[in-house]
Amino acid sequence: MSRGVGKGVMETCGFHKIKVDPFAKGFDMGLAKPLSRSVRLNGFSTCLRLEQIYWNILTEIARLNTCSVSALLSYVDREVHLRYGGVKNFSGLVRVVCVVHVLKGRDALTSADTLAQ
Numbered sequence: 001m002s003r004g005v006g007k008g009v010m011e012t013c014g015f016h017k018i019k020v021d022p023f024a025k026g027f028d029m030g031l032a033k034p035l036s037r038s039v040r041l042n043g044f045s046t047c048l049r050l051e052q053i054y055w056n057i058l059t060e061i062a063r064l065n066t067c068s069v070s071a072l073l074s075y076v077d078r079e080v081h082l083r084y085g086g087v088k089n090f091s092g093l094v095r096v097v098c099v100v101h102v103l104k105g106r107d108a109l110t111s112a113d114t115l116a117q
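The opening position of the sequence shown corresponds to residue 1 in full-length UniProt numbering, with each subsequent residue numbered one higher.
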């Protein structure tokens with residue numbers, strides 16, 4: 001793998017050029033910074049360490065549900081116990097919940113674009 005330096009230079013990945021630059025224009029490295037927050041999950045205090053981007057997504061999901069982030073996380077915790085018997089890595093589950101939320105939003109936009117055509 002070679003690395004190019006300079007504007008517009010794409011990194012090669014094996015034999016193929018990267019078509020979509022993962023570092024979009026205006027990429028904010030601050031979103032990758034881990035942030036620990038104290039939350040209450042169904043009455044129990046705990047600390048959850050997630051990257052800033054995930055806290056932003058959780059805030060958006062909570063806003064859509066007109067609840068707090070702690071209430072949303074309590075719901076996720078309760079439901080994973082009821083439906084699946086729990087999870088070993090709760091912060092990993094929260095990251096997956098966030099990614100699924102973003103992907104569902106993208107799919108909804110794609111479907112709307114298809115219907116508009």
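From the three backbone atoms N, C-alpha and C, an ideal C-beta is built for every residue, glycine too.
Going straight from the alpha carbon of residue i to that of residue j, what length do you get?
| i | j | result |
| --- | --- | --- |
| residue 91 | residue 19 | 31 Å |
| residue 70 | residue 45 | 10 Å |
| residue 101 | residue 34 | 20 Å |
| residue 72 | residue 61 | 8 Å |
| residue 63 | residue 96 | 18 Å |
| residue 118 | residue 17 | The shown model of the chain, from 1 to 117, leaves out residue 118, and the question about it has no answer. |
What residue does the alpha helix (DSSP H) around residue i start on, and which one ends it?
| i | result |
| --- | --- |
| residue 39 | Per DSSP, residue 39 belongs to no alpha helix (DSSP H); it is in the beta strand (DSSP E), 34–41. |
| residue 77 | 69–84 |
Taking its Cβ as the centre, do 16 or more other Cβ atoms sit within 10 Å of residue i, making it buried, or is it exposed?
| i | result |
| --- | --- |
| residue 47 | exposed |
| residue 21 | exposed |
| residue 77 | buried |
| residue 2 | With a pLDDT of 47 at residue 2, under the threshold of 50, the modelled position of that residue is not reliable, and the figure given next carries that caveat. Exposed. |
| residue 50 | buried |
Leaving out five residues before and five after residue i in sequence, what residues of the same chain have Cβ atoms less than 7 Å from its Cβ?
| i | result |
| --- | --- |
| residue 80 | 86, 87 and 93 |
What are the start and end residues of the beta strand (DSSP E) that includes residue i?
| i | result |
| --- | --- |
| residue 45 | 44–51 |
Examine chain C for any beta-carbon lying closer than 7 Å to the beta-carbon of residue i, and answer yes or no.
| i | result |
| --- | --- |
| residue 43 | Absence of chain C from the displayed structure is noted, only one protein chain being present. |
Can you name, in chain order, every residue of its own chain whose Cβ lies under 8 Å from the Cβ of residue i, other than the five neighbours on each side?
| i | result |
| --- | --- |
| residue 99 | none |
| residue 57 | 98, 101 and 102 |
| residue 32 | 51, 52 and 53 |
Tell me which residues share the same chain as residue i and place their Cβ nearer than 6 Å to its Cβ, disregarding the 5 neighbours each side in the sequence.
| i | result |
| --- | --- |
| residue 74 | 41 and 42 |
| residue 107 | none |
| residue 36 | 47 and 49 |
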